[in-house]
DNA sequence: TTACTGACCTGCACGC
DNA sequence: TGCGTGCAGGTCAGTA
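Numbering (this note's numbering), first residue to last: 3 to 288.
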């Protein structure tokens with residue numbers, strides 16, 4: 003599932019392969035893939051054709067390709083989205099949604115998405131920092147050099163919710179999804195339902211350090227992939243799933259203390275924790 | 001204003 | 001073999 007490390011791996015691939023290329027034509031095979039482009043698929047294709055792509059950028063799980071002018075091609079991979087760089091004669095993928103051909107005709111960019119939670123859109127960018135308007139409300143991610151630890155700690159303590167809910171709140175901290183939230187909480191030895199208002203600044207520091215270390219480790223290994231749904235632009239999977247300490251390890255011994263990891267329902271999905279390293283707090287939230 | 005819930009969507013695993 | 005069900009989960013509109 004694409005979270006920050008996986009999206010960054012894709013961004014780096016795009017930086018190498020599509021920067022400076024000019025779009026020759028665009029084919030939208032599935033309108034839902036561009037549903038966030040309100041004027042519709044035809045407008046999307048027409049306005050993208052002939053544009054030159056700048057250096058890809060990212061905030062949290064969103065990435066965008068700056069275009070000449072004050073616009074960008076904004077992408078979110080959702081659950082199963084892939085941005086693939088393919089030779090033009092490569093067979094179409096089963097869930098190919100959008101195809102961009104370039105004027106040099108060496109490679110084409112394909113947006114493939116099985117579950118169609120992801121999508122592409124053209125968006126205006128803010129004049130100052132060049133961030134697309136639909137992404138302006140997204141907080142910086144913990145790997146961003148401008149991420150403000152103190153402001154995050156203060157905002158976290160102002161919340162009245164559970165710790166994991168807060169970690170998944172992209173307006174508070176971006177790039178963290180279900181997998182890396184569980185991993186960061188395991189590394190920081192914190193329970194997912196710990197009330198945010200009880201978190202001390204001294205506990206926020208190791209939590210942020212844990213989030214940064216787990217995502218940096220994942221980035222080094224090309225991201226996390228449990229199946230073929232997450233791949234880089236060349237269609238290759240990452241290896242970090244072999245290094246996960248909590249997520250997906252229900253019934254297996256904790257790598258730290260040997261206690262069996264448990265899976266618990268959380269927000270209509272799952273949370274994994276070690277009952278000994280991450281005991282239930284007296285007060286629960288979320 | 002803030003926190004929370006459910007819908008969206010598809011393929012796979014599993015049980016019957 | 002075929003069918004039904006549960007599960008995976010990021011985002012956002014709607015609700016409390």
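Note that CB positions come from ideal geometry on N, CA and C, so glycine has one too.
request  = Determine the direct distance from the alpha carbon of residue 284 to that of residue 76, and round the result to whole angstroms.
outcome  = For the purposes of this step, residue 76 is taken as residue 74 along the first chain, with counting starting at 1. For the purposes of this step, residue 284 is taken as residue 282 along the first chain, with counting starting at 1. Approximately 43 Å between the Cα atoms of the pair.
key: Euclidean distance between Cα positions of residue 178 and residue 122   = Here the question's residue 178 lines up with position 176 in the first chain. Here the question's residue 122 lines up with position 120 in the first chain. Rounded to the nearest whole angstrom, the CA to CA distance from residue 178 to residue 122 is 21 Å.
request  = Please determine, among 124, 101, 259 and 183, the residue with the shortest C-alpha to C-alpha distance to residue 5.
outcome  = Position 3 of the first chain, counted from the start, is the residue given in the question as residue 5. Ranking the options by Cα distance to residue 5, first place goes to 183.
query = Distance, Cα to Cα, residue 28 vs residue 256?
reply = For the purposes of this step, residue 28 is identified with residue 26 of the first chain, where counting begins at 1. For the purposes of this step, residue 256 is identified with residue 254 of the first chain, where counting begins at 1. Their backbone Cα atoms lie some 49 Å apart in a straight line.
ask   = Going by beta carbon distance, what residues of the same chain come within less than 7 Å of residue 89, once the five residues before and after it are set aside?
value = Locating residue 89 in the first chain gives position 87, where the first residue counts as 1. Non-local beta-carbon contacts of residue 89 in its own chain, meaning distances under 7 Å to residues more than five positions away in sequence, involve 109 in chain order.
ask   = Hey, quick one: how far does the alpha helix (DSSP H) through residue 15 stretch, first residue to last?
value = By 1-based counting over the first chain, the position of residue 15 is 13. Per DSSP, residue 15 belongs to the alpha helix (DSSP H) from 6-19.
task = Starting from the Cα of residue 202, find the closest Cα among 151, 279 and 101 and give me that residue.
result = The sequence position of residue 202 within the first chain is 200, counting from 1. Looking at the Cα atoms, 151 is the closest of the given residues.
inquiry  = Among 61, 279, 35 and 67, whose alpha-carbon lies nearest the alpha-carbon of residue 18?
reply    = Within the first chain, numbered from 1, the residue matching residue 18 stands at position 16. That would be 67, whose Cα lies nearest to the Cα of residue 18.
When 41, 9, 85 and 163 are compared against residue 197, the one with the closest alpha-carbon = Counting from one through the first chain, the residue named residue 197 turns up at place 195. It is 163 whose Cα lies nearest to the Cα of residue 197.
query = From residue 74 to residue 80, what does the alpha carbon distance come to, in whole angstroms?
reply = Numbered from 1 along the first chain, position 72 holds the residue referred to as residue 74. Numbered from 1 along the first chain, position 78 holds the residue referred to as residue 80. Distance between the alpha carbons of residue 74 and residue 80: 18 Å.
Top-ranked residue by Cα proximity to residue 102, from 78, 20, 173 and 132 = Here the question's residue 102 lines up with position 100 in the first chain. Each of 78, 20, 173 and 132 was checked against the Cα of residue 102, and the nearest Cα belongs to 20.
ask   = Which stretch, first to last residue, makes up the alpha helix (DSSP H) that contains residue 207?
value = As a first step, residue 207 must be located in the first chain, where it is residue number 205. If you look at residue 207, you'll find it in the alpha helix (DSSP H) that goes 203-222.
query = With burial defined as no fewer than 16 other Cβ atoms inside 10 Å of the residue's Cβ, what is the status of residue 225: buried or exposed?
reply = Counting from one through the first chain, the residue named residue 225 turns up at place 223. Residue environment for residue 225: buried (at least 16 other C-beta atoms within 10 angstroms of its C-beta).
task = Name the residue from 199, 30, 176 and 120 whose alpha carbon lies nearest to the alpha carbon of residue 144.
result = Reading the first chain from its first residue, position 142 is the one you call residue 144. Ranking 199, 30, 176 and 120 by Cα distance to residue 144 puts 176 first.
First and last residue of the uninterrupted alpha helix (DSSP H) at residue 184 = Within the first chain, the letter at position 182 stands for residue 184. From DSSP, the alpha helix (DSSP H) with residue 184 extends over 180-190.
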